[in-house]
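For the record, in the sequence shown the residue sitting at position 85 is 133 according to my numbering, with numbers rising by one throughout. Right, one structure below, let's go through it.
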Amino acid sequence: MNQTGKIMLVGIGPGHVEHMTQRAREAIAEADTVIGYVTYLRLVEDLTSGKEIIRKSMTEELDRAVAALERARTGRKVALISSGDAGVYGMAGPTYEVLFNAGWVPGLDIEVEVIPGASALNTCAALVGAPLTHDFCAVSLSDLLTPWPVIARRIDAVAASDFVVALYNPKSGRRTRQIVEAQRLLLRHRRPDTPVAIVKSAFRPRQRVELTTLEAMCDADIGMLSTVLVGNSRTFIRDGLMVTPRGYDNKYAIDSGEAHTGEQAGRSLSTGLDGWLRTLRDSDETPARLAARHGLPEDYIRAVLDTSADDATATEAA
Numbered sequence: 049m050n051q052t053g054k055i056m057l058v059g060i061g062p063g064h065v066e067h068m069t070q071r072a073r074e075a076i077a078e079a080d081t082v083i084g085y086v087t088y089l090r091l092v093e094d095l096t097s098g099k100e101i102i103r104k105s106m107t108e109e110l111d112r113a114v115a116a117l118e119r120a121r122t123g124r125k126v127a128l129i130s131s132g133d134a135g136v137y138g139m140a141g142p143t144y145e146v147l148f149n150a151g152w153v154p155g156l157d158i159e160v161e162v163i164p165g166a167s168a169l170n171t172c173a174a175l176v177g178a179p180l181t182h183d184f185c186a187v188s189l190s191d192l193l194t195p196w197p198v199i200a201r202r203i204d205a206v207a208a209s210d211f212v213v214a215l216y217n218p219k220s221g222r223r224t225r226q227i228v229e230a231q232r233l234l235l236r237h238r239r240p241d242t243p244v245a246i247v248k249s250a251f252r253p254r255q256r257v258e259l260t261t262l263e264a265m266c267d268a269d270i271g272m273l274s275t276v277l278v279g280n281s282r283t284f285i286r287d288g289l290m291v292t293p294r295g296y297d298n299k300y301a302i303d304s305g306e307a308h309t310g311e312q313a314g315r316s317l318s319t320g321l322d323g324w325l326r327t328l329r330d331s332d333e334t335p336a337r338l339a340a341r342h343g344l345p346e347d348y349i350r351a352v353l354d355t356s357a358d359d360a361t362a363t364e365a366a
């Protein structure tokens, strides 16, 4: 490959120009060719006048990447667009796979730029309150490329670990049971009344927001344009807003901001790592019982206790 063109992997966010970054708009303006899924191209059609447009279907991601490479080889600047963020279930991954398979070398051949955009979990969360304020993760329910046992294990682990979870690609015309199985796995570890937000077409003309519960979520209107946000054990819904507390009430009185007895501002919780290690060292329980108490692997507890003992010995020797 000769150094000739450029591929810009553009995340357009939810689609409205007001929610696109300045760099995303500039990249589309710079491009000679714009490639994307037909729905995404409609969202940016006001920015693509006079450019070569290559429209592809939903399952033609590799075709889009190959088309971008072919155009870039001829010296063209290509904007390959994704809704949300190009690196979150978007076109960045398959494009790099195609490039490396073709012998592309970063810095020597075609230039590649990834232009970030707001992902669906960000935009959907903004519409329902603050559900992602604490630890969260995303799982796609699409089994077009990922075996279902892999997806199921991930959902089960997420549920057991009390993450807030964003479910991408929850349902389509053909894939209707995946969301039901996800619910079954989540209910193994979560209360039936766990808050759930279902957001369809966030910040687009047909936007729809529904707040429900884990037990009832499969009765809601869910499709390929939906993102499902499932709360953790502390998430609540109040006055139409879904909120996951960050944990300030573990350390402070929310009304006054004063630290609770035994806690210090700017320091780890008394039950943080150092405090927890002291509790383990002072306990007369077996590693097996400690592991059961804290829901952690016994070999991890043993390793922590051994390391603590070694650190204490080193301190005494010093």
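Glycine included, C-beta positions come from ideal geometry on N, C-alpha and C. Owing to the predicted nature of the structure, the values given are computational and were not obtained by experimental measurement.
- Assignment of E311 by DSSP, reduced to helix, strand and coil, places it in the coil class.
- Cβ neighbours of R294 within its own chain (closer than 7 Å, five residues either side excluded): T181, H182.
- I199: member of the alpha helix (DSSP H) spanning 196-208, first to last residue.
- Within its own chain, the residues whose Cβ lies closer than 6 Å to the Cβ of D80, once the five positions on either side in sequence are excluded, are R124, K125, listed in chain order.
- Here the alpha carbons of L89 and N149 stand approximately 27 Å from one another.
- Pairing I129 with K54, the inter-Cα distance amounts to about 14 Å.
- By the CB criterion at 8 Å, Y296 and H308 fall outside the cutoff.
- Taking C-beta separations shorter than 8 Å and ignoring five residues to either side along the sequence, the partners of L317 in its chain run N298, K299, E311, G323, following chain order.
- In the DSSP assignment, F148 falls within the unbroken alpha helix (DSSP H) covering 140-149.
- The distance from the Cβ of I246 to that of V276 is about 5 Å, consistent with a contact at the 8 Å cut-off.
- In the DSSP annotation of this structure, the continuous segment of the alpha helix (DSSP H) that includes C172 starts and ends at 168-176.
- Within its own chain, the residues whose Cβ lies closer than 6 Å to the Cβ of E263, once the five positions on either side in sequence are excluded, are P240, listed in chain order.
- Separation of V228 and P218 (C-alpha to C-alpha, rounded to the nearest whole angstrom) is 9 Å.
- The DSSP-derived three-state label of E229 is helix.
- At a Cβ-Cβ threshold of 8 Å, V244 and T224 do not count as neighbours.
- Each residue's CA atom was taken as its position, placing S304 and Y144 some 51 Å apart.
- Straight-line spacing of the CA atoms in D330 and Y348 works out to 17 Å.
- P335 counts as buried, since at least 16 other C-beta atoms from the protein chains shown sit within 10 angstroms of its C-beta.
- In this structure, DSSP gives Y137 a state outside helix and strand, which the three-state scheme calls coil.
- Just measuring C-alpha positions, the residue of N170, L91, A208 sitting nearest G343 is A208.
- Contact fails between the stretch 181-196 and the stretch 147-166, because fewer than three Cβ pairs, one in each stretch, are under 8 Å apart.
- In the three-state reduction of the DSSP assignment, E161 falls in the strand class.
- With a cut-off of 8 Å on Cβ pairs, the stretch 104-116 is not in contact with the stretch 62-80, counting fewer than three such pairs.
- Partner residues in the beta bridge of Y85, as assigned by DSSP, are K104.
- Under DSSP, V126 forms a beta bridge with I55, T81.
- By the criterion of a C-beta distance shorter than 6 Å, P62 is surrounded in its chain by T171, A250, F251, once the five residues flanking it on both sides are discounted.
- Excluding sequence positions up to five before and after T242, its CB lies within less than 6 Å of the CB of L262, G279, all in the same chain and listed in chain order.
- Cβ atoms of Y85 and K104 come within 8 Å of each other, at about 6 Å.
- The beta strand (DSSP E) runs lying completely inside the stretch 210-296 and spanning 3 residues or more are 212-216, 243-248, 256-261, 274-278, 284-286, 289-291, given in chain order.
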